[in-house]
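A short write-up of the structure that comes next.
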Amino acid sequence: MKIYLVDGTYELFRSHFGAPPRKAPDGREVGATLGLLRSLLMLLTTPGITHVACAFDHVIESFRNDQYPSYKTGAGVDSNLIAQFPLAEEAVSALGLVVWSMVEFEADDALSSATARFKNEAGIEQIVICSPDKDLAQLVSGSRIVGWDRRRDILIDEAGVVEKFGVRPQSIPDWLGLVGDAADGFPGIPGWGEKSAAAVLAKYEHLEAIPADPQTWGLSASRAARLAESLAQHWAEALLFRKLATLREDVPLKETLADLEWQGAYERLKDVCHRLGDEKFPRRVPRWRER
Numbered sequence: 240m241k242i243y244l245v246d247g248t249y250e251l252f253r254s255h256f257g258a259p260p261r262k263a264p265d266g267r268e269v270g271a272t273l274g275l276l277r278s279l280l281m282l283l284t285t286p287g288i289t290h291v292a293c294a295f296d297h298v299i300e301s302f303r304n305d306q307y308p309s310y311k312t313g314a315g316v317d318s319n320l321i322a323q324f325p326l327a328e329e330a331v332s333a334l335g336l337v338v339w340s341m342v343e344f345e346a347d348d349a350l351s352s353a354t355a356r357f358k359n360e361a362g363i364e365q366i367v368i369c370s371p372d373k374d375l376a377q378l379v380s381g382s383r384i385v386g387w388d389r390r391r392d393i394l395i396d397e398a399g400v401v402e403k404f405g406v407r408p409q410s411i412p413d414w415l416g417l418v419g420d421a422a423d424g425f426p427g428i429p430g431w432g433e434k435s436a437a438a439v440l441a442k443y444e445h446l447e448a449i450p451a452d453p454q455t456w457g458l459s460a461s462r463a464a465r466l467a468e469s470l471a472q473h474w475a476e477a478l479l480f481r482k483l484a485t486l487r488e489d490v491p492l493k494e495t496l497a498d499l500e501w502q503g504a505y506e507r508l509k510d511v512c513h514r515l516g517d518e519k520f521p522r523r524v525p526r527w528r529e530r
């Protein structure tokens, strides 16, 4: 069997910017939530997809903000979207999916922890991580743990990670530590770009393994010298940024593999859809739980 682990926060943002706005009877904006429900129902009704879970950032801030105050926050995010976070979780849960709602951790940490927990389960053919976020590329392994950009319908396996980033999955946190991640709010190290970071890490894999002597890096002498000087001056930041980019595997998820099998929607979905102002959506749901 295959397990599909969905980045619900990414999907909600995608729906917010891709689905038309829509007001609920009480005047709330609910277009992103309805778009998310439609997207997940499309996933659940795809032949062969049986085991699915969805992780959300219940709040955008996490423990990483304690480590680096400039890490991403909810500042600047459309208030109409922020207001839909709890509503989206309620709707997805009513649809019958396992929902991991993150407060201390991030949704990506839940996906990482689920991957670590289930990857060695008997009978698991593949784990598909439904998100194009670059930090999730560190979870990819061979063709057994892959990423899936559902919007563009692109699967990325380990060879795909190397082709896209120039490094293997285990080097992605180091790569992000050097180049930064604007989406997560940390800048990287001055002078280090994607190509230079890939060239060095493809050879040495991790920051600690990069020789102090830049002559061995395989770059031009002047370029390597500038990069080495910058890395030496900003070594502590590089380690901190790598730590921020490293996904956790210790999120306390209580669900078993059997819990991830979709058994159908709960009756309460009809009430949720009524409050959302969409009476038609429940008619499209092909399966309902008996209790």
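In my numbering, the protein residues as written are 240 to 530. Ideal placement from N, C-alpha and C gives every residue a C-beta, glycine not left out.
Which residue's Cα is closest to the Cα of residue i: the options?
i, options, result
"Ile411", "Pro426, Glu343, Leu446", "Leu446"
"Val524", "Val331, Glu468, Asp388, Ile384", "Val331"
"Phe256", "Arg267, Lys262, Ala263, Ala271", "Ala271"
"Gly416", "Arg389, Gln377, Asp452, Ile384", "Gln377"
"Pro450", "Ala437, Glu433, Gly432, Ala471", "Ala471"
"Asp348", "Lys358, Ala314, Phe302, Thr312", "Phe302"
"Leu334", "Gly516, Val511, Val490", "Val511"
"Leu326", "Asp374, Leu273, Leu350", "Leu273"
"Asp265", "Asp517, Phe252, Asp423", "Asp517"
"Thr485", "Ser352, Ser469, Thr495, Ser461", "Ser352"
"Asp317", "Arg462, Glu268, Ala504, Asp423", "Glu268"
"Ala263", "Trp527, Arg526, Arg514", "Arg514"
"Met240", "Ser278, Glu397, Glu364", "Glu364"
"Tyr505", "Leu375, Glu250, Gly313, Val337", "Val337"
"Val406", "Ile384, Lys509, Glu433", "Glu433"
"Lys519", "Trp527, His290, Arg526, Lys509", "Lys509"
"Ile288", "Glu529, Gln502, Arg522", "Gln502"
"Gly315", "Glu250, Leu496, Arg507, Ala422", "Ala422"
"Phe357", "Leu499, Leu483, Asp305", "Leu499"
"Gln409", "Val418, Asp420, Glu397", "Glu397"
"Leu350", "Glu529, Trp431, Gly313, Arg487", "Arg487"
"Lys493", "Trp339, Lys311, Met281, Arg462", "Trp339"
"Ala436", "Gly419, Asp420, Trp414", "Trp414"
"Val418", "His290, Ile299, Leu483, Arg528", "Leu483"
"Thr312", "Ile299, Ser461, Met281", "Ile299"
"His473", "Trp431, Ser461, Ala460", "Trp431"
Since residue i and residue j are thought to touch, with beta carbons under 8 Å apart, how far apart are those beta carbons, to the nearest angstrom?
i, j, result
"Phe324", "Phe295", "7 Å"
"Pro371", "Gly381", "That belief does not hold up - the Cβ atoms of Pro371 and Gly381 are roughly 19 Å apart, past 8 Å."
"Tyr307", "Leu479", "6 Å"
"Arg253", "Arg390", "6 Å"
"Thr495", "Ala346", "Not confirmed; about 20 Å, so no contact."
Buried or exposed: where does residue i fall if 16 or more other Cβ atoms within 10 Å of its Cβ makes it buried?
i, result
"Glu328", "buried"
"Glu604", "A question about residue 604 goes unanswered here, because the residues of the chain that appear run from 240 up to 530."
"Ile321", "exposed"
"Pro491", "exposed"
"Val379", "buried"
"Met341", "buried"
"Asp374", "buried"
"Thr285", "exposed"
"Arg522", "exposed"
"Asp452", "exposed"
"Ala448", "exposed"
"Asp489", "exposed"
"Ile393", "exposed"
"Glu250", "buried"
May I ask you to list the residues that DSSP assigns as paired with residue i?
i, result
"Trp387", "Leu394"
"Leu244", "Ala292, Ile368"
"Trp339", "Ala294"
"Trp527", "Ala504"
"Phe425", "Asp420"
"Glu268", "Lys262"
The region 422-429 in contact with the region 444-461 per 3-pair CB rule at 8 Å: The answer is no - the region 444-461 does not touch the region 422-429, with fewer than three Cβ pairs under 8 Å.
Inter-stretch contact (C-beta, 8 Å, three-pair minimum) for the region 437-444 and the region 401-419: yes
Touching by the beta-carbon criterion (3+ pairs, under 8 Å), the region 244-258 and the region 358-371: yes
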